[in-house]
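Under the working numbering, the letters of the sequence shown match residues -1 to 59, in that order.
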Amino acid sequence: MSYKHDKPILKHRGRHRKRRPKTFSSEDAANTWAAGKKIKEFDLVNLRVNDIHKKLRVVRK
């Protein structure tokens, strides 16, 4: 019997990647998220400059 007999056999351990920054499609959703996280001073940066739809990111000052 091996020394690892008490540990479960894992077929897939999952992917460990960094969390992506939070983006929003409307300014109201971004403002409510920032208020919930208690961020007082922030800017809304539009990541899609030449597009009709918005992709806003909350950036602290």
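Glycine included, each C-beta is placed from N, C-alpha and C at the ideal position. Just so it is clear, the structure is predicted and the values come from calculations on it, not from any experiment.
Inspect the beta-carbon positions of V47 and R55 and report whether they are closer than 8 Å. Within the sequence shown, the letter at position 49 stands for residue 47. Within the sequence shown, the letter at position 57 stands for residue 55. No; because the gap between Cβ atoms is not below 8 Å, this pair is not in contact.
Which residues in the same chain have their Cβ closer than 7 Å to the Cβ of A28, if we skip the five residues on either side of it in sequence? Working through the sequence shown from its first residue, we reach residue 28 at position 30. Hits under 7 Å: F22, L42, L54, V56.
Between A33 and G12, what straight-line distance do the alpha-carbon atoms span, to the nearest angstrom? Reading the sequence shown from its first residue, position 35 is the one you call residue 33. Reading the sequence shown from its first residue, position 14 is the one you call residue 12. About 33 Å.
Measuring alpha carbon to alpha carbon, tell me which residue in P19, E25, K59, K16 is nearest K52. In the sequence shown, residue 52 corresponds to position 54, counting from 1. Looking at the Cα atoms, E25 is the closest of the given residues.
Can you find the residues in the same chain that come closer than 8 Å, C-beta to C-beta, to E39, ignoring five residues on each side of it along the sequence? As a working mapping, residue 39 is identified with position 41 in the sequence shown. So the qualifying residues of the chain are R58, K59.
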